[in-house]
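Peer 1: Counting in numbering that gives the first Met the number 0, the sequence shown runs from 0 upward without gaps.
Backbone N, C-alpha and C define an ideal beta-carbon position, used for all residues, glycine too.
Note that the coordinates shown come from a computational prediction; the quantities given were computed from them, not determined experimentally.
Got a structure here, written out as structure tokens. Questions coming.
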Amino acid sequence: MLDPIVDVDSPAFQPLVRRLAERAGAVDAGGNWPGESLADCMQAGVPRWFLAEAQGGRRWSEPDLLKAYVRLAGACMTTTFILTQFLGACKRIAAAPEFPGKDKLLHDLLAGRAFATVGISHLTTSRRHLGRPALAARRDGQGFLLDGYSPWVTGAEEADWVVMGAALEDGQQIVTLVSTSLPGIVVDQPQSLTALNGSRTGAVRLEGVRVEAAHLLTGPMENVLGQGAAGAGGLQTSALAVGLARAASQFLLDEAARRTELVEPAEALASQTEELLTDLLAASVGEGSCSSSEIRQRANGLALRTSQAALGAAKGAGYVSGHPAGRWCRESLFFLVWSCPAPVQQAHLCELAGLESL
């Protein structure tokens, strides 16, 4: 049994981190849903950190939430990524107007008796097909009919609910709560990914799926993702990259204790990681001089460099399947594509080409 974690400095945090880290390799190798690790997170009260007391939560400060993400990501990136999608759904549900069963649903989600995820990334990343959005909505009395698909839904096979985004003919958008038990919903076989296969991420297809007006969370409006609860990007994503960098740089420091040639680069990368974490926490409270895009670019680059340095230090052993250094290298690539803003992508391309950022 794990004790509830009431704050980020609680001694109860370490047992949770240790359990997640012990399973991380097997989760990655098998591409299996990390049910035990997620159950541990629920038992430790992780979802409650993000919600207000009135909704059954503890509502930690933004810096403490980012510190927590850093620690969890350093232990198991797959579990932590799934948590970001689950918590993104919980926060949008919590921020929505009251609807029948809302309190019970939130209670079940916080207790781990139900699982929710999000299917909203297509609102900003998917091109229209034959003049239609990836997931289209049309009014049907007081509700909406949904047709199309959401291409990137994490844990759809496990989900009881999906917070989905859809576009109306007039260009306005909605975010609505969709039960996976509704007729017309088909969950595709998850994609085979370079890393994080245990997240079981794939497409969900909808054909004439009717959702009630009571389950409308946000909208209709333009740029619906710019309103209300935050999505998966921003400083949260950078925190996960810092967590990976921390794990890789700690591996280097441990190796450096036995190999003097590693001391200088290991200490430099560890120092850069802690400096970035300081800037990340400052940005979360509106302080410091770094924008979220600058922090994201630095976090992406640091995740790539520390993981590759760990692989180099591990030598041939690191290239054998199952070594954490190889896993970190693959996971670092995830940050180049997950909620990565176009300016950050362009900056990375320029850096790789040896050009100054445009």
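(1) Only counting the same chain, and skipping five residues up and downstream in sequence, which positions put a Cβ closer than 6 angstroms to that of N196?
(2) With distances taken from CA atoms, which of R47, L276, S9 is nearest R58?
(3) Between T79, P10, A43, which has its C-alpha nearest P27's C-alpha?
(4) Is V152 closer than 9 angstroms to V186 when the C-beta atoms are compared?
(5) Candidates L82, Q42, P96, S338: which alpha carbon is nearest A158's?
(6) Leaving aside the five residues before and after G325 along the sequence, list all residues of the same chain whose C-beta is less than 7 angstroms from its C-beta, in chain order.
(7) Just grab the DSSP bridge partners of S149 for me.
(8) Give the DSSP-derived three-state secondary structure of H347 in the structure shown.
(9) Among V223, V174, A246, which residue has its Cα nearest to the Cα of E211?
(10) From L181 to A135, what distance separates their C-alpha atoms?
(11) Among the residues of its own chain, which have a CB less than 6 angstroms from the CB of L71, if the five just before and after it don't count?
(12) For A213, I'd like the list of residues in its chain whose CB is within less than 7 angstroms of its CB, leaving aside the five on either flank, ordered along the chain.
(13) What residue range is occupied by the uninterrupted alpha helix (DSSP H) comprising V16?
(14) Looking at C-alpha atoms only, which residue of L261, D102, L192 is the closest neighbour of A308?
(15) Going by DSSP, name the residue or residues bridged to Q172.
(16) Taking buried to mean at least 16 other C-beta atoms within 10 Å of its own C-beta, is V223 buried or exposed?
(17) Per DSSP, T116 is paired with what?
(18) The ligand GDP and I294: does any heavy atom of the ligand fall closer than 8 angstroms to the residue's C-beta?
(19) Could you pull the start and end residues of the alpha helix (DSSP H) that D278 belongs to?
(20) Just reading off the beta strand (DSSP E) that V319 is part of, what are its end residues?
(21) Within 10 Å of its beta-carbon, does G201 have 16 or more other beta-carbons around it, so buried, or fewer, so exposed?
(22) Helix, strand or coil for I4? Go by DSSP, reduced to three states.
(23) What's the gap between the Cα of C75 and the Cα of A282?
(24) Taking the alpha-carbon positions, what's the S149 to R138 distance?
(25) Near A66, what residues of its chain come up, given a Cβ to Cβ distance below 6 angstroms and the 5 sequence neighbours on each side ignored?
(26) So does the segment 242-255 actually touch the segment 264-271, counting three or more Cβ pairs closer than 8 angstroms?
(27) Among the candidates L176, I4, A256, whose CA atom is the shortest distance from the CA of Q409?
(28) If you check the beta carbons only, do G73 and V16 fall under 9 angstroms apart?
(29) If you drop the 5 nearest sequence neighbours on each side, which residues of the same chain put their C-beta closer than 6 angstroms to that of T236?
(30) Nearest CA to the CA of G164: which residue from T179, A155, L145, E156?
(31) Count the other CB atoms within 10 Å of the CB of C349; is the residue buried (16 or more) or exposed (fewer)?
(32) What do you reckon, are the CB atoms on Q296 and V336 nearer than 9 angstroms?
(33) Considering L108, what are the terminal residues of the alpha helix (DSSP H) in which it resides?
Peer 2: This is what the structure gives:
(1) G30
(2) R47
(3) The question names Pro, but residue 27 in the sequence shown is Asp. Ranking the options by Cα distance to D27, first place goes to T79.
(4) yes
(5) L82
(6) L310, G317, Y318
(7) V203
(8) helix
(9) V174
(10) 17 angstroms
(11) T79
(12) F98, P99
(13) 12-29
(14) L261
(15) A166, M220
(16) buried
(17) V161
(18) Summarising the ligand content, the structure contains no ligands, and the ligand GDP is consequently not present.
(19) 262-283
(20) First-last for V319: undefined, no H or E at that position.
(21) buried
(22) coil
(23) 25 angstroms
(24) 19 angstroms
(25) First, the amino acid is wrong: residue 66 is Lys here, not Ala. The residues are V7.
(26) yes
(27) With the chain covering only 0 through 357, there is no way to say anything about residue 409.
(28) yes
(29) S338
(30) L145
(31) exposed
(32) no
(33) 101-110
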